[in-house]
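Before any comments, here is the structure.
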Amino acid sequence: MLNFTINISETSWNIDLGGWICPILKIPTSKIDAVYSEGDELNKENYKILYDHNVIKWISPKERPKSFTASVTIEKDLSTKEITLKWKKIAILMSLLFSIMSVLAGIYLHNKPINNHVKPQVKITYPLNNDRITDGRTKVSGIAKKISNQRKLWLVVYQVGRLKYYPQQEVIVENDGEWEGQVILSSANDDYYIWAIITDESQGKWFEEISNFKKLKFTPEFSDKIKVSRPDLIP
4 MLNFTINISE TSWNIDLGGW ICPILKIPTS KIDAVYSEGD ELNKENYKIL
54 YDHNVIKWIS PKERPKSFTA SVTIEKDLST KEITLKWKKI AILMSLLFSI
104 MSVLAGIYLH NKPINNHVKP QVKITYPLNN DRITDGRTKV SGIAKKISNQ
154 RKLWLVVYQV GRLKYYPQQE VIVENDGEWE GQVILSSAND DYYIWAIITD
204 ESQGKWFEEI SNFKKLKFTP EFSDKIKVSR PDLIP
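Per this note's numbering, residue 4 is the first one in the sequence shown, and the count goes up by one each step.
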C-alpha cells in the first residue's frame with residue numbers, strides 16, 4: 004500500500020465535467036481518501052470521485068476552492084515495471100491531448116471574428132474636478148480612444164445657477180488620442196459641469212443646431228464630466 008498527497012490547481016478544472024482532472028486516478032486501485040483546502044478537510048458531501056473519468060467533481064452549491072490537496076492511497080503494491088508502463092501511457096496521452104488543444108487553439112484564433120464593437124472611451128484630464136476657474140474662457144483637454152468615424156466628441160457646459168446646458172464645440176481627437184478644446188463659463192460666482200460627450204451623427208448635429216437647452220434629449224452612453232466653480236471676479 005502506498006499513501007501520498009497531490010496538489011490540484013485551477014488549471015486542472017474542466018468546465019464541461021464540472022470537476023478537476025486527476026490523472027493519478029488512472030493508476031489501478033488508487034483512490035482519494037480526503038481533500039484539504041486552506042488547512043481544513045472538505046466535507047465529502049461537497050465533491051464526488053468519478054473514477055471512470057479520473058475526475059474529482061464538485062457537487063456543492065457552495066463556492067468551489069481554487070486549489071486543494073488530495074490524500075491518495077494506492078492499495079495494490081505495483082512493481083516498478085507496472086508503474087513505469089502506466090506513467091508512460093499517461094505521458095503519451097497528455098502529450099497527445101496538449102497537441103490537439105494547441106491545434107484547436109490555433110484554428111480558433113485564426114477564425115476568431117474581429118470585434119468591431121469596441122467601446123469608445125473619453126477622459127477629461129484638465130481642468131481637474133472641483134477646480135476653481137478664474138477666467139471665463141478656459142482650456143479643456145483630455146484623452147479619447149476607439150472613436151470611430153461615425154462618432155463625434157463634443158464639449159458641453161451645464162451652468163448650475165441657470166439650470167441650462169450650453170453646447171460648446173466639437174473637438175478633434177489626434178492620432179495619439181489626445182484632444183483639446185475651449186469652453187465659456189459665462190457668469191462668475193457660479194458652479195459648472197463640463198462634459199466631454201461622445202455622440203453619434205444625429206446627436207452631434209443636434210448640438211450644432213441648438214444654443215442651449217434645459218434637458219438632454221438622450222442619455223450619453225460614453226462621456227466624462229467634471230465640476231468646476233468660477234468665483235467672483237476680483238476688481
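Beta carbons: idealized from backbone N, C-alpha and C, even for Gly.
Just so it is clear, the structure is predicted and the values come from calculations on it, not from any experiment.
Under the criterion of beta carbons closer than 8 Å, LEU188 and ILE110 do not qualify as touching, at roughly 57 Å.
At the C-beta level, PRO130 and THR141 come within 8 Å of one another.
Distances from the CA of LEU100 to each of SER190, ILE24, LEU158 were compared; the closest alpha carbon is that of ILE24.
With respect to ASP193, VAL174 sits apart: the two C-beta atoms are not nearer than 8 Å. Here GLN206 carries a helix assignment [DSSP, helix/strand/coil]. In this structure, DSSP gives PRO26 a helical state, which the three-state scheme calls helix.
Beta-carbon to beta-carbon, ALA147 and LEU156 are separated by about 6 Å, close enough to satisfy the 8 Å threshold.
Short of 6 Å from the beta carbon of TYR196, and not among the five residues preceding or following it, lie these beta carbons of its own chain, in chain order: TYR161, LYS228, LYS230. Taking 8 Å as the cut-off, the Cβ atoms of LEU96 and ASN57 do not count as close. Beta-bridge pairing by DSSP links ILE59 to TRP23, ILE52. The Cβ-Cβ distance between ALA73 and THR32 does not fall below 8 Å.
Leaving aside the five residues that flank GLU13 on each side, the residues in its chain whose CB is nearer than 7 Å to its CB run, in chain order, LYS69, SER70. For ARG135, no beta strand (DSSP E) segment is defined, and its DSSP state is neither H nor E.
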